[in-house]
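Only one structure is covered here, and it is reproduced in the block below.
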Amino acid sequence: GAVVSQHPSRVICKSGTSVKIECRSLDFQATTMFWYRQFPKQSLMLMATSNEGSKATYEQGVEKDKFLINHASLTLSTLTVTSAHPEDSSFYICSASIGTGSNQPQHFGDGTRLSIL
Amino acid sequence: QKEVEQNSGPLSVPEGAIASLNCTYSDRGSQSFFWYRQYSGKSPELIMFIYSNGDKEDGRFTAQLNKASQYVSLLIRDSQPSDSATYLCAVTPLTSFKLTFGKGTLLTVNP
Numbered sequence: 043g044a045v046v047s048q049h050p051s052r053v054i055c056k057s058g059t060s061v062k063i064e065c066r067s068l069d070f071q072a073t074t075m076f077w078y079r080q081f082p083k084q085s086l087m088l089m090a091t092s093n094e095g096s097k098a099t100y101e102q103g104v105e106k107d108k109f110l111i112n113h114a115s116l117t118l119s120t121l122t123v124t125s126a127h128p129e130d131s132s133f134y135i136c137s138a139s140i141g142t143g144s145n146q147p148q149h150f151g152d153g154t155r156l157s158i159l
Numbered sequence: 013q014k015e016v017e018q019n020s021g022p023l024s025v026p027e028g029a030i031a032s033l034n035c036t037y038s039d040r041g042s043q044s045f046f047w048y049r050q051y052s053g054k055s056p057e058l059i060m061f062i063y064s065n066g067d068k069e070d071g072r073f074t075a076q077l078n079k080a081s082q083y084v085s086l087l088i089r090d091s092q093p094s095d096s097a098t099y100l101c102a103v104t105p106l107t108s109f110k111l112t113f114g115k116g117t118l119l120t121v122n123p
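Quick note, the sequences are listed as chains A and B, same order. FYI, the numbering for the first sequence is 43 to 159, going by the numbering used here. FYI, the numbering for the second sequence is 13 to 123, going by the numbering used here.
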């Protein structure tokens, strides 16, 4: 069964709108969650690492003021795409690991398909 | 630049055959290796992970790791049409949780 829940699954909105995406770990605590973006026919690109109780760590080239990440509890991380524009249209996916250690597999949420008109 | 390379395919095999998917990585410090399956329009689903040199079997799937050659593979025995998907290879270094993904190999299993 799913271990990571992501909501909403699809968003269609006008340019300039801010969109919030939620990622929840089910039945386990995740001190670290990850946010990825995937454009059509491309692989997943890590955007940022979300750390519970502290600031997120962003990958090079990802605007932290554009993609706001909040990880206020051990089971919830949110990604807010602020003032979204058509070029932000993509498939956004979160992940979390059960347990600590770099050898723990990451489990992915179902993803959010964002379409900005 | 730490890279993970996969043949983009498509790899086409008949139903019941063995599908062999390959992946190479550039970072010798990579310690954990994962195979994910991604159906079109869906998020990745973990298939297998391997940490040590050699083979690891789980049902119809076998992961093979050769750290000296920086090579990891996934074999799918008795391939089924439902196995048709993009298979993503991903690696992490010892000191980080970050996954680096390959671009994926599209597998098509023909009935």
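Yeah, the Cβ is synthetic: ideal placement off N, Cα and C, and Gly gets one too.
Return the first residue and the last residue of the beta strand (DSSP E) that residue i is part of.
| i | result |
| --- | --- |
| A/His127 | Taken as a continuous stretch (DSSP letters only), A/His127 belongs to no beta strand (DSSP E), as it is neither H nor E. |
| A/Asn93 | 87-93 |
| B/Arg89 | No beta strand (DSSP E) contains B/Arg89, which DSSP labels as neither H nor E. |
| B/Val16 | 16-18 |
| A/Ser115 | 109-115 |
| B/Ala80 | Neither: B/Ala80 is in no beta strand (DSSP E) and is coded neither H nor E. |
| B/Tyr37 | 31-37 |
| A/Gln80 | 74-80 |
| B/Gly23 | First, the amino acid is wrong: residue 23 of chain B is Leu here, not Gly. That run of the beta strand (DSSP E) goes 23-26. |
| A/Arg52 | 52-55 |
| B/Leu119 | 117-122 |
Among all the DSSP beta bridges, which residues are the ones paired with residue i?
| i | result |
| --- | --- |
| A/Ser46 | The sequence as given places Val at residue 46 of chain A; Ser does not occur at that position. A/Val46 pairs with A/Ser67. |
| B/Leu106 | In DSSP, B/Leu106 forms no bridge with anything. |
| B/Glu57 | B/Arg49 |
| A/Thr150 | For clarity, residue 150 of chain A is Phe in the given sequence; the question names Thr instead. Looking at the DSSP assignment, A/Phe150 forms a beta bridge with A/Ser137. |
| A/Thr120 | A/Glu64, A/Asn112 |
| B/Val84 | B/Cys35, B/Leu77 |
| A/Leu156 | A/Val53, A/Ser132 |
| B/Ser42 | B/Pro105 |
In three-state DSSP terms, what is residue i?
| i | result |
| --- | --- |
| B/Asp70 | strand |
Closer than 8 Å to a non-hydrogen atom of the ligand GDP - does that hold for the CB of residue i?
| i | result |
| --- | --- |
| A/His49 | Questions concerning the ligand GDP fall outside what the structure shown contains, since it holds no ligand whatsoever. |
Assess contact between the segment 16-33 of chain B and the segment 100-120 of chain B, defined as three or more Cβ pairs (one per stretch) separated by less than 8 Å. Is contact present? yes
Can you confirm whether the segment 64-72 of chain B touches the segment 122-142 of chain A when touching is taken to mean that 3 or more C-beta pairs between the two stretches lie within less than 8 Å? no
Pairing CB atoms from the segment 94-106 of chain B with CB atoms from the segment 49-64 of chain B, are three or more of them under 8 Å? yes
Three CB pairs or more closer than 8 Å across the segment 36-43 of chain B and the segment 103-110 of chain B: yes
When you compare the segment 60-80 of chain A with the segment 115-128 of chain A, are there three or more beta-carbon pairs, one atom per stretch, that lie closer than 8 Å? yes
Evaluate the contact criterion for the segment 101-116 of chain A versus the segment 49-59 of chain A: three or more CB pairs, one atom per stretch, below 8 Å. no
Cβ contact (3+ pairs, closer than 8 Å) linking the segment 26-33 of chain B and the segment 84-93 of chain B: yes
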